[in-house]
């Protein structure tokens, strides 16, 4: 069993909100993550819902502001909230740049020096952390779903599209659906993956779909008052590329909602209830 | 109409979470507070529920971590979250002391120099801020209730006991019920109010009740795993002093819950639903 350090646990909504750290082999540093165990996990393996956070966030932001515990306890779902990048004094960073380095791992495996030694968030989320969860918690790993916000919505979409057999459903709040061309993500993709834009397609939901990847069902909520809508998020690009494909996509524009946790927390319970339907449909 | 500066507004749970500041006459400084307007406030005056926060907090902590918006929107209740002390470069502080000064106003009117010029949180919460709310929001000030956490539970209890005609109901999460004798509050009371302990009784729920003040109904939730239970909170002192009095008090011990927002948010919806019953009983 992989070793886990418990940083804190607190009773909440009938379950337990914990924070844990471990030595990540793929990221070559200590990584911290949050796990909410619903009360049902005391007695039986529970399905797992992954929440991937956005730029600048750690595991803590959604744990504090996301309002996910009530619905997760009700439906008996384990919620995992990983960090958004490797961190630490031995991990290279681009200090002061909130779109690259610490807090901005973009859920990809970097191939360019000096980032590639640590910035392996794709393998971390899709491979290493699930093994650790499986070994340490009462989780039914045959029932996993994934969701996220902004950069984390990009992460959820691309990881689901690349591993459709692993997840029952995928949803996102205000996701970056085409990071290759979005204002805040094309530069990070270049620095992590190099000049050859073919390599970027592996980490771009719209391009993955163009290249034949499929995943269903997908639910997207997007605030119409989101400042990043036109230059960063553009959910219509996802709708366009899904039009001719066999993908069940629902995009809901939410009038006047912004990009904040006030938006995320509003629709959190609906997303969890939607995932619960797919997770419990075995 | 008193002047109000809007710092931010975000749609949330069908209503609007706002943050505002104003020049406080009683605290002699700019004060910041949060207001959640439920969707019903667009069409009719809504009742007001005051949430008073604990030591070290500003208006922001419960706004981010308290999970109050869903229930407030459902019941059509305005939630006001004031700051816990005056702040600013012209406000005296005891830097590094989390139990006194900034973030630790203890909801009293200081009488000792140099604190008395600004530390007037009792008058601010009970008198000045309600006038500002009444003038600027679609609030039915005939229907107010009050609750809070820890130091804020002390604030809610003492303000309700001193102004029973103003509030329909009072509740608290892990309140300091007898600050005169609690580890973390007897020293601040001495510094704000002086050596004469008679003056402290005005800001001590147990002593106010002993001295004949009455308020009903009161609901208290307390975690049994709270590190501050035995030396700071001691809800049994409130139960004892209420035994012979005409006060409807319910104290619920919540097994293994701690002092954090993970505890507060768990029982937040129940408290709001309980207040809604009393606020809507006109």
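Protein chains in written order, with my numbering: chain A, 1 to 282; chain B, 1 to 282. Even glycine gets a Cβ: it sits at the ideal position worked out from N, Cα and C. Quick caveat: nothing in here was measured; it's all calculated off a predicted structure.
Item to check | Beta-bridge partners of residue 82 of chain A, as assigned by DSSP | outcome: Along the first chain, read from residue 1 onward, the residue named residue 82 of chain A stands at position 82. Note: residue 82 of chain A sits in a beta bridge opposite A:33.
Item to check | Any chain B beta carbon closer than 7 Å to residue 266 of chain A | outcome: In the first chain, counting from the first residue as 1, residue 266 of chain A sits at position 266. It does; some Cβ of chain B falls within 7 Å.
Next on the checklist: So residue 49 of chain A and residue 145 of chain A are supposed to be a Cβ contact under 8 Å. How far apart are they, rounded?
Outcome noted: Here residue 49 of chain A refers to the residue found at position 49 of the first chain. Here residue 145 of chain A refers to the residue found at position 145 of the first chain. Indeed, because the Cβ distance is near 5 Å, the residues count as touching under 8 Å.
Checklist entry - Given a limit of 9 Å on CB to CB distance, which residues of the region 242-269 of chain A reach chain B? => result Within the region 242-269 of chain A, the qualifying residues are 254, 255, 256, 257, 258, 260, 261, 262, 263, 265, 266, 269.
Next on the checklist: Any heavy atom of the ligand GTP closer than 6 Å to the beta-carbon of residue 125 of chain B?
Outcome noted: What this structure holds is no ligand at all, so the ligand GTP is not there to describe.
Item to check | Supposed close pair residue 46 of chain A, residue 118 of chain A - CB separation, criterion 8 Å | outcome: Walking along the first chain from the start, residue 46 of chain A turns up at place 46. Walking along the first chain from the start, residue 118 of chain A turns up at place 118. That pair is no contact at about 31 Å.
Checklist entry - Within 10 angstroms of its Cβ, does residue 224 of chain B collect 16 or more other Cβ (buried), or is it exposed? => result Here residue 224 of chain B is taken as the residue at index 224 of the second chain, counted from 1. By the 10 Å Cβ count, residue 224 of chain B comes out exposed.
Checklist entry - Any Cβ of chain A within less than 7 Å of the Cβ of residue 13 of chain B? => result On the second chain, residue 13 of chain B is found 13 positions in, with the first residue counted as 1. Closer than 7 Å to some Cβ of chain A, the Cβ of residue 13 of chain B qualifies, so yes.
Checklist entry - Using a beta-carbon distance below 7 Å, is residue 116 of chain B in contact with chain A? => result As a working note, residue 116 of chain B is residue 116 in the second chain. Chain A, which has no Cβ nearer than 7 Å to the Cβ of residue 116 of chain B, makes this no.
Checklist entry - Who does residue 15 of chain B pair with in a DSSP beta bridge? => result Working through the second chain from its first residue, we reach residue 15 of chain B at position 15. According to DSSP, which records beta bridges pairwise, residue 15 of chain B is partnered with B:12.
Checklist entry - Taking a cut of 8 Å between CB atoms, which residues from the region 200-229 of chain A lie near chain B? => result Cβ proximity to chain B below 8 Å picks out 223, 225 from the region 200-229 of chain A.
Next on the checklist: Taking 8 Å as the cut-off, does the region 265-275 of chain B touch the region 194-213 of chain B (at least 3 CB pairs, one atom from each stretch)?
Outcome noted: no
Item to check | For residue 24 of chain B, the nearest candidate out of B:51, B:11, B:18, B:87 (CA to CA) | outcome: Stepping through the second chain from its first residue, residue 24 of chain B is reached at position 24. Closest by C-alpha distance to residue 24 of chain B, out of B:51, B:11, B:18, B:87, is B:87.
Next on the checklist: Give me the residue from A:4, A:13, A:89 with the minimum Cα distance to residue 19 of chain A.
Outcome noted: Start at 1 with the first residue of the first chain, and residue 19 of chain A comes out as number 19. Here the closest residue by C-alpha is A:4.
Next on the checklist: Going by beta-carbon coordinates alone, are residue 279 of chain A and residue 168 of chain A separated by less than 7 Å?
Outcome noted: The residue you call residue 279 of chain A lines up with position 279 of the first chain. The residue you call residue 168 of chain A lines up with position 168 of the first chain. Taking 7 Å as the Cβ cut-off, residue 279 of chain A and residue 168 of chain A qualify as a contacting pair.
Item to check | Nearest neighbour of residue 90 of chain B, chosen from B:77, B:43, B:31 [CA to CA] | outcome: Counting from one through the second chain, the residue named residue 90 of chain B turns up at place 90. Here the closest residue by C-alpha is B:31.
Checklist entry - Which full runs of the beta strand (DSSP E) of 3+ residues lie inside the region 118-150 of chain A, going along the chain? => result As far as the region 118-150 of chain A is concerned, its whole beta strand (DSSP E) runs of at least 3 residues are 139-149.
Item to check | Minimum Cβ-Cβ distance from residue 17 of chain A to chain B less than 7 Å | outcome: Here residue 17 of chain A refers to the residue found at position 17 when the first chain is read from its first residue. With 7 Å as the cut-off, residue 17 of chain A counts as an interface residue toward chain B.
Next on the checklist: What does the Cβ neighbour count give for residue 8 of chain B, buried or exposed, with the cut at 16 atoms within 10 Å?
Outcome noted: Start at 1 with the first residue of the second chain, and residue 8 of chain B comes out as number 8. Classification for residue 8 of chain B: exposed.
Checklist entry - Within this structure, are the beta carbons of residue 71 of chain A and residue 36 of chain A separated by less than 7 Å? => result Indexing the first chain from 1 puts residue 71 of chain A at position 71. Indexing the first chain from 1 puts residue 36 of chain A at position 36. Their beta carbons are not under 7 Å apart, which means residue 71 of chain A does not touch residue 36 of chain A by this criterion.
Next on the checklist: Quick check: residue 99 of chain B and residue 109 of chain B, are their CB atoms within less than 7 Å of each other?
Outcome noted: Within the second chain, residue 99 of chain B is the residue found at index 99, counting from 1. Within the second chain, residue 109 of chain B is the residue found at index 109, counting from 1. Not closer than 7 Å, so no.
Checklist entry - Since residue 65 of chain B meets chain A, which of its residues come closer than 8 Å, beta carbon to beta carbon? => result Stepping through the second chain from its first residue, residue 65 of chain B is reached at position 65. Chain A residues near residue 65 of chain B: 64, 65.
Next on the checklist: Run through chain B and tell me which residues come within less than 7 Å of residue 58 of chain A, C-beta to C-beta.
Outcome noted: Here residue 58 of chain A refers to the residue found at position 58 when the first chain is read from its first residue. Under the 7 Å cutoff, chain B gives no residues; its nearest Cβ is about 15 Å from residue 58 of chain A.
Checklist entry - What residue range is occupied by the uninterrupted beta strand (DSSP E) comprising residue 250 of chain A? => result Here residue 250 of chain A is taken as the residue at index 250 of the first chain, counted from 1. Counting along the chain, the beta strand (DSSP E) containing residue 250 of chain A begins and ends at 249-254.
Checklist entry - Is the Cβ of residue 150 of chain B closer than 7 Å to any Cβ of chain A? => result As a position in the second chain, residue 150 of chain B is number 150, starting the count at 1. Taking Cβ atoms only, chain A never reaches closer than 7 Å to residue 150 of chain B, which makes this a no.
Item to check | Sequence-distant residues of the same chain with beta carbon closer than 6 Å to residue 217 of chain B, five excluded per side | outcome: As a first step, residue 217 of chain B must be located in the second chain, where it is residue number 217. So the list reads 169, 248, once near-sequence residues are dropped.
Next on the checklist: residue 262 of chain B and residue 12 of chain A - do their beta-carbons sit closer together than 7 Å?
Outcome noted: Mapped onto the first chain, residue 12 of chain A falls at position 12. Mapped onto the second chain, residue 262 of chain B falls at position 262. Cβ distance < 7 Å, so residue 12 of chain A and residue 262 of chain B count as in contact.
Checklist entry - Should residue 43 of chain A go down as buried or exposed, given a rule of 16 or more other Cβ atoms within 10 Å for buried? => result Start at 1 with the first residue of the first chain, and residue 43 of chain A comes out as number 43. Around the beta carbon of residue 43 of chain A, a 10 Å sphere encloses fewer than 16 other beta carbons of the protein chains shown; the residue is thus reported as exposed.
Next on the checklist: Against chain A, with Cβ distances strictly below 7 Å, would residue 186 of chain B count as a contact?
Outcome noted: Indexing the second chain from 1 puts residue 186 of chain B at position 186. Chain A, which has no Cβ nearer than 7 Å to the Cβ of residue 186 of chain B, makes this no.
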